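Working notes, beginning with the structure itself.
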Amino acid sequence: MTVFVSNGLIISFSPIYRPEIKTQVTSTQQLLDGEFTYENLQKAINSVPFPVVHIASHGQFSSIAENTFILTCNNKVNVKELDNLLRRREQEEDTPIELLVFSACETAAGDDRAALGLAGVAMRAGARSTVATLWQVNDESTAVLMTEFYRELAKPGITKAEALRLAQRTLLHDNRYKFPYYWAPYVLVGNWR
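Mapping to this note's numbering: the sequence shown position 154 is 156, numbers consecutive.
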């Protein structure tokens, strides 16, 4: 599978997402496996105003801030660090992240006290839009969906919402992934254009 990201940052600390992480675009920076540390993430986000940031890593959300995090190679990025990183980017660069993609499990799942999970955190911190998931996701179908999503997004005139819908439809029409478990957990929060 190939992910098409134009001028984006792709991050992965999960070898199961390896098919999803390959890219043909030379202006895309990648932080893979051992390179995905908080320090490298901070440096990458602050050095280049990437409009798209894709994080394929495990994470956890809780209404208790200390229990909300994204796993990196050597530690966890807690919710306060993520919030500070995204806010600083918006304030210093005046170019907020246009699209932040969390392709791990349950990144849009919140609880009674805090809706939208990590996606909500990202939105409040300044990301214009976020693609995230409502429940556990299948690795293979995630790779297919993300490939289709970026392929559609690269087409002129296609909005983020339309790209996601078309990617979901691709899975719906594939006998291997036709059940909602595979294509329905993905949601777009924020600016749909």
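Note that the Cβ used here is the ideal one computed from N, Cα and C, for glycine as well. The structure presented is a predicted model; accordingly, all values stated were derived computationally and were not measured.
Euclidean distance between Cα positions of residue i and residue j
{"i": "PRO51", "j": "LEU43", "result": "13 Å"}
{"i": "ASN140", "j": "TYR184", "result": "7 Å"}
{"i": "PHE151", "j": "ASP176", "result": "15 Å"}
{"i": "GLY159", "j": "SER105", "result": "24 Å"}
{"i": "LEU1", "j": "LEU147", "result": "Beyond the ends of the chain as shown, which are 3 and 195, falls residue 1; an answer cannot be given."}
{"i": "ARG130", "j": "ALA124", "result": "9 Å"}
{"i": "ILE47", "j": "VAL103", "result": "14 Å"}
{"i": "GLN34", "j": "LYS180", "result": "Here residue 34 is Leu; the residue named in the question, Gln, does not match the sequence. One C-alpha to the other measures close to 30 Å."}
Residue range of the alpha helix (DSSP H) that includes residue i
{"i": "LYS78", "result": "Careful: LYS78 lies outside any alpha helix (DSSP H), inside the beta strand (DSSP E) at 78–80."}
{"i": "GLN138", "result": "That residue, GLN138, is in no alpha helix (DSSP H); it is neither H nor E in DSSP."}
{"i": "THR172", "result": "162–174"}
{"i": "ILE47", "result": "40–49"}
{"i": "TYR183", "result": "182–185"}
Residues that DSSP places opposite residue i in a beta bridge
{"i": "GLY192", "result": "SER131"}
Residue span of the beta strand (DSSP E) that contains residue i, given as start and end
{"i": "ILE72", "result": "71–73"}
Spatial neighbours of residue i in its chain, beta-carbon cut-off 7 Å, leaving aside the 5 residues before and after
{"i": "PRO187", "result": "THR135, LEU136, TRP137 and VAL139"}
{"i": "GLY36", "result": "CYS75"}
{"i": "GLU83", "result": "TYR40"}
{"i": "GLN62", "result": "ASN69, THR70 and PHE71"}
{"i": "ALA169", "result": "LEU147, GLU150, PHE151 and GLU154"}
Same chain only: Cβ atoms within 8 Å of residue i, ignoring 5 sequence neighbours per side
{"i": "LYS78", "result": "PHE71 and ILE72"}
Rounded distance between the beta-carbons of residue j and residue i, thought under 8 Å
{"i": "LEU190", "j": "LYS157", "result": "That belief does not hold up - the Cβ atoms of LEU190 and LYS157 are roughly 17 Å apart, past 8 Å."}
Beta-carbon proximity list for residue i, same chain, < 6 Å, skipping 5 on both sides
{"i": "GLY128", "result": "LEU88, ARG89, GLU92 and PRO98"}
{"i": "THR172", "result": "GLU150"}
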